[in-house]
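Here's the structure, in structure tokens; my notes come after.
Number of protein chains: 2
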Amino acid sequence: MHSKLLFFCLLIPSTLSSPPNIIIMLMDDMGWGDVGVNGNWAKETPNIDKMAAEGMLFMDFYTANPLCSPSRAALMTGRLPIRNGFYSTNAHARNAYTPQTLVNGIHEYEELLPKLLKQADYKSKIIGKWHLGHRRQFLPCNRGFDEFFGSGNCHFGPFDDEKTPNIPVYKNDKMVGRYYTNFTIFKGTGESNISQIFLAEGLSFIETQSVSKNPFFLYWTPDATHDPNYASPMFHGKSIRGRYGDAVMEMDYCVGKILEKLKELKIEQNTFVFFTSDNGAATYRRRDGGDNGPFLCGKETTYEGGMREPGIAWWPGSIPAGTITHQLGNIMDLFTTSLTLAGVKPPQDRIIDGIDLSPVLLDQRAPIIDRPIWYYRGNEMMAVRVGAYKAHYWMWTEFGNDPLKFTFCRGQYIQNVTVHDQINNTEQPILFNVNRDPGEKYIVSPKSREYKTAMAIIDPIVKAHKEALEPGVPSLNYCDVAVQNWAPPGCEELNYCLPVPESNPKLCVWDH
Amino acid sequence: MHSKLLFFCLLIPSTLSSPPNIIIMLMDDMGWGDVGVNGNWAKETPNIDKMAAEGMLFMDFYTANPLCSPSRAALMTGRLPIRNGFYSTNAHARNAYTPQTLVNGIHEYEELLPKLLKQADYKSKIIGKWHLGHRRQFLPCNRGFDEFFGSGNCHFGPFDDEKTPNIPVYKNDKMVGRYYTNFTIFKGTGESNISQIFLAEGLSFIETQSVSKNPFFLYWTPDATHDPNYASPMFHGKSIRGRYGDAVMEMDYCVGKILEKLKELKIEQNTFVFFTSDNGAATYRRRDGGDNGPFLCGKETTYEGGMREPGIAWWPGSIPAGTITHQLGNIMDLFTTSLTLAGVKPPQDRIIDGIDLSPVLLDQRAPIIDRPIWYYRGNEMMAVRVGAYKAHYWMWTEFGNDPLKFTFCRGQYIQNVTVHDQINNTEQPILFNVNRDPGEKYIVSPKSREYKTAMAIIDPIVKAHKEALEPGVPSLNYCDVAVQNWAPPGCEELNYCLPVPESNPKLCVWDH
Ligand SMILES: [Ca+2]
Ligand SMILES: [Ca+2]
Chain Z
1 MHSKLLFFCL LIPSTLSSPP NIIIMLMDDM GWGDVGVNGN WAKETPNIDK
51 MAAEGMLFMD FYTANPLCSP SRAALMTGRL PIRNGFYSTN AHARNAYTPQ
101 TLVNGIHEYE ELLPKLLKQA DYKSKIIGKW HLGHRRQFLP CNRGFDEFFG
151 SGNCHFGPFD DEKTPNIPVY KNDKMVGRYY TNFTIFKGTG ESNISQIFLA
201 EGLSFIETQS VSKNPFFLYW TPDATHDPNY ASPMFHGKSI RGRYGDAVME
251 MDYCVGKILE KLKELKIEQN TFVFFTSDNG AATYRRRDGG DNGPFLCGKE
301 TTYEGGMREP GIAWWPGSIP AGTITHQLGN IMDLFTTSLT LAGVKPPQDR
351 IIDGIDLSPV LLDQRAPIID RPIWYYRGNE MMAVRVGAYK AHYWMWTEFG
401 NDPLKFTFCR GQYIQNVTVH DQINNTEQPI LFNVNRDPGE KYIVSPKSRE
451 YKTAMAIIDP IVKAHKEALE PGVPSLNYCD VAVQNWAPPG CEELNYCLPV
501 PESNPKLCVW DH
Chain L
1001 MHSKLLFFCL LIPSTLSSPP NIIIMLMDDM GWGDVGVNGN WAKETPNIDK
1051 MAAEGMLFMD FYTANPLCSP SRAALMTGRL PIRNGFYSTN AHARNAYTPQ
1101 TLVNGIHEYE ELLPKLLKQA DYKSKIIGKW HLGHRRQFLP CNRGFDEFFG
1151 SGNCHFGPFD DEKTPNIPVY KNDKMVGRYY TNFTIFKGTG ESNISQIFLA
1201 EGLSFIETQS VSKNPFFLYW TPDATHDPNY ASPMFHGKSI RGRYGDAVME
1251 MDYCVGKILE KLKELKIEQN TFVFFTSDNG AATYRRRDGG DNGPFLCGKE
1301 TTYEGGMREP GIAWWPGSIP AGTITHQLGN IMDLFTTSLT LAGVKPPQDR
1351 IIDGIDLSPV LLDQRAPIID RPIWYYRGNE MMAVRVGAYK AHYWMWTEFG
1401 NDPLKFTFCR GQYIQNVTVH DQINNTEQPI LFNVNRDPGE KYIVSPKSRE
1451 YKTAMAIIDP IVKAHKEALE PGVPSLNYCD VAVQNWAPPG CEELNYCLPV
1501 PESNPKLCVW DH
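Protein chains in written order, with my numbering: chain Z, 1 to 512; chain L, 1001 to 1512.
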């Protein structure tokens, strides 16, 4: 009895009476090195840096996949995309996402975070990019969210409402307009006030819920830092690093406003906030893209630049201020940690990959939790990190025969590492010590004692993982022009339904 | 009269009665990305980060040369090595320094900072590595310093007191022992308490001077972060990134202790402190070296990784806390700024390259001062930065024919940029926008309007620089085994004089 109570106190301090509100701020394609506190030379994020100073900074935080959709599916389910189905078997180790031709979305079988939080009476809202399926049955309000403002797809085109419908923007379960028409992004200049709308939606939700007796869950996930970047006039042209930096500055402003609102409403001591990004900076955007700091390559790859993310936890009074942790964290942990803080048991009938980070968050003297980080690309486990060591079982930068064309790893060349063909190293994985060598430049010799010692630890972990693995049915295999956003829910009222072409389902093509 | 007074007030606030003490903390081979506040993932520098939070952080601070000796000569003289003589003409564009075979040192003609500060009654001490000539006439106490604890040379070997004497350690003008014998560094483990001795020397000097009516100048320049790294038992084995990180942790501890001492003595409001490093991280040390963050290559090169340095200014009450600046700064500016703060006029009979940063330091609303950054390698101007643009006139990573051997740029490959031969681009310089592209990965097309606009600004600046340039007599051309530290001043008292071999002067060989 006594020990049980103690356990409960440790997990949910100062919230015995009610579980905390939860806010997950998920950036789009923002790199580890894009925030000031992680060293960005442009220092455009005073509010995010302040958030870190008031909270806990994760130096070793990861996404579950180097691409938007699977990463977001992992966050919502606490499970690797290989389990929750957000991958493709169309070819080996292919990155796949949810364009508007995609037939499927997140499986009904999957239990999503907002739905589970209902057990503790949470009111949930998603603002921004959903990306887990844009057809009616997959939309947020049909998968556990009470409210939705944003879109089922990316904001990027090309769209013309003829061959391809412009992307609808939803308020809850009905569209209220489309990107580039009703929600304008000026193509030439990248000006748009969409982020300010997302901010206002967030602030309004927080205000409304602050007077409710129910806790809230806000999943705030704007996409301004995704190519093509946009920013409102207040930030347009302000960054010394161009349009991408403008978007970062606006995101930082929004983060500041949201935390300020919590303080203003005096609910900051009862709100757990986490800031991260869905994948590494899109290095293929060249000098218009984000920054992965000292890490190798970027988005789409399973090198550190593709999957190491900014990670900041904030909860004044509960998470000690100004702390830094080397706990290996993963976006999937936000699922498990949120449920734990809410007092809800994660699903017991399936493997959950996310771990509960609350012991580390709430006590800076708590020991580091030992756990692996898996790096998947589509249906293939490319690499794993255990402690300081990362073993690459497969490697691939991207397709292409030109040895000087390293689109995802521009300017970086490491022999046998930044490879253009899919290289199978499963017989003898390529090993790095990513603490001493975060840039994955210096292969640990397979002949060394260091290699043998590390692999003796890693091998059984990989073996156990593979043995227990039951891949989910892949959701990202089939595409069909007929499923595009021709006639989304609500289009009738707006008189904005487009004629639906004949169905022509086929295998989606995933190039890399 | 009125305007003159105002001018004085602006420059030396709260110190009308007496000029401030000055402390320059110069690290050895520490990279831009090695400090937490610049994003290091290991976050080993809480005290340096705190210093930045209490002071002003320079994001665009540079050294004057990518190697120890010329960088330090530039700091002491406020002048580029090409002017003060700390370069070699033995071959084109060669890096050169002061090994113990070097015949010369800093020219008598050069006016050094501690000597000039005498005009304002400063008492000066250097602790650590001098590196501007180890023969009697070049030693610190013969060149303006009142006190000296440290060495004229690097601590690295090989030495055996037979073919090559072990490096003497001085107290003022006499040796008190030698490295590896009297001042032990355990070769196998890298354990040594030398940094703690340097710290104690610094703290003791500060304490003694704090009760004097004279201001002091402390040049604190330990070399623990230079290969081979060493750390005292308190830090040995503590870093997750190995021996180099251990040394960083100890440096951070020392920085903290020095600032703490100033506060304890209540002289922090009358002490200007600047923290930086003499050149970029030694990337040739592979995974045992430091970190240059997102910048290209490292020590010995004129890419950003070789010359962009951490830069933190601290002066509570005068420098606004928690500020960040994009002012282009240079190690030579510490010469001019220190003199200005001391109320001493810089020499008027020669070109001084360092500018007075005090307007920017003392007023965060002050406009950025427009000034170029010169990147020299030996006798050649390799590149220049003006605003956001950096133009490479010459490029060279290092010698070597193996296209996969990029010792100074390991893992980095940019066509026509990371070149193995000396490439002459003077006809059409290779241009980067280092704000949008800090990694120097994306060459601005010479056909673009951007190129033409930038070069129209840069060209006349370079032309004026070259026209005004009168290279100093090179100090780093001649070597002689007879000038090694066989019989340094004070060796008689210690009975530690070694027999001097026959003089055999010849041109030094500088490989890169
Ligand atoms: Ca993304
Ligand atoms: Ca150095």
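Glycine included, C-beta positions come from ideal geometry on N, C-alpha and C. Small disclaimer: the values here were computed from a predicted structure and weren't measured.
Counting along the chain, the unbroken alpha helix (DSSP H) around methionine 249/Z starts and ends at 243-264. Inter-segment contact for the region 353-367 of chain Z and the region 324-339 of chain Z is present: three or more beta-carbon pairs are separated by less than 8 Å. When DSSP states are grouped into helix, strand and coil, aspartate 60/Z belongs to the strand group.
By the criterion of at least three beta-carbon pairs nearer than 8 Å, the region 1045-1062 of chain L is in contact with the region 1313-1326 of chain L.
Contact check for glutamate 398/Z and histidine 512/Z: beta-carbon distance about 5 Å, within the 8 Å limit, so the pair qualifies. Distance between threonine 301/Z and tyrosine 62/Z, taken at the CA atoms: about 13 Å. Within chain Z, the residues placing a beta-carbon under 7 Å from that of lysine 1441/L are Arg410, Gly411, ordered along the chain.
Judged by their CB atoms, methionine 234/Z and tryptophan 1041/L are not nearer to each other than the 7 Å cut-off.
Chain-ordered, the residues whose CB falls short of 6 Å from any heavy atom of ligand 2 come out as Asp1028/L, Asp1029/L, Cys1068/L, His1226/L, Asp1278/L, Asn1279/L.
Within chain L, the residues placing a beta-carbon under 7 Å from that of isoleucine 324/Z are Lys1043, ordered along the chain. For methionine 175/Z, there is no enclosing alpha helix (DSSP H); the residue is part of the beta strand (DSSP E) that begins and ends at 174-178. Listed along chain Z are Trp41, Lys43, each with a C-beta nearer than 7 Å to that of methionine 1059/L. The beta-carbon distance between leucine 1507/L and asparagine 1477/L, rounded to whole angstroms, is 6 Å. This is short enough to meet the 8 Å contact definition.
Interface criterion not met: the Cβ of aspartate 1421/L is under 7 Å from no Cβ in chain Z. Here the alpha carbons of phenylalanine 1272/L and leucine 1262/L stand approximately 10 Å from one another. Between lysine 1129/L and glycine 1150/L, the C-beta gap is smaller than 7 Å, which places the two residues in contact.
For arginine 436/Z, the C-beta contacts it makes with chain L under 7 Å involve Arg1241, Gly1242, Arg1287, in order along the chain. Contact between the region 225-242 of chain Z and the region 281-301 of chain Z is present, with at least three C-beta pairs closer than 8 Å. Aspartate 1459/L counts as exposed, since fewer than 16 other C-beta atoms from the protein chains shown sit within 10 angstroms of its C-beta. Under the 7 Å criterion on CB atoms, asparagine 279/Z is classed as non-interfacial with respect to chain L.
A distance below 7 Å separates the beta carbons of arginine 377/Z and asparagine 95/Z. Comparing alpha-carbon positions, the option among Asp1278/L, Thr1407/L, Gln1327/L, Pro1320/L lying closest to glutamate 1309/L turns out to be Asp1278/L. For lysine 1171/L, the enclosing beta strand (DSSP E) begins and ends at 1168-1171.
Just measuring C-alpha positions, the residue of Lys463/Z, Gln422/Z, Val417/Z, Ile423/Z sitting nearest valine 444/Z is Val417/Z. Counting only runs that start and end inside the region 1124-1205 of chain L, the beta strand (DSSP E) elements of at least 3 residues fall at 1147-1151, 1168-1171, 1174-1178. Scanning its chain for C-beta atoms nearer than 8 Å, with the 5 sequence neighbours on each side dropped, one finds around glycine 1242/L the residues Arg1287, Asp1288, in chain order.
For asparagine 1425/L, not one C-beta of chain Z is nearer than 7 Å to its own C-beta. Listed along chain Z, the residues sitting closer than 7 Å to asparagine 1038/L by beta-carbon distance are Gly39. Nearest C-alpha to asparagine 504/Z among Cys497/Z, Glu493/Z, Val483/Z, Glu492/Z: Val483/Z. Contacts between glycine 293/Z and chain L, judged by CB atoms closer than 8 Å, involve Gly1033, Gly1039, Trp1041, Gly1293, Pro1294 in chain order. Taking 8 Å as the upper bound for CB-CB distance, alanine 1091/L and tryptophan 1510/L are in contact here, some 6 Å apart. Annotated as distal: threonine 181/Z and asparagine 193/Z, with beta-carbon spacing of 7 Å or more.
For isoleucine 1048/L, the secondary structure class from DSSP, reduced to helix, strand or coil, is helix.
Shown here for isoleucine 1368/L: same chain residues with a beta carbon closer than 6 Å to its own, the five before and five after excluded, namely Gln1327 in chain order. If you draw a straight line from the Cα of methionine 307/Z to the Cα of leucine 1075/L, it comes to about 41 Å. In the DSSP assignment, no residue is bridged to asparagine 279/Z.
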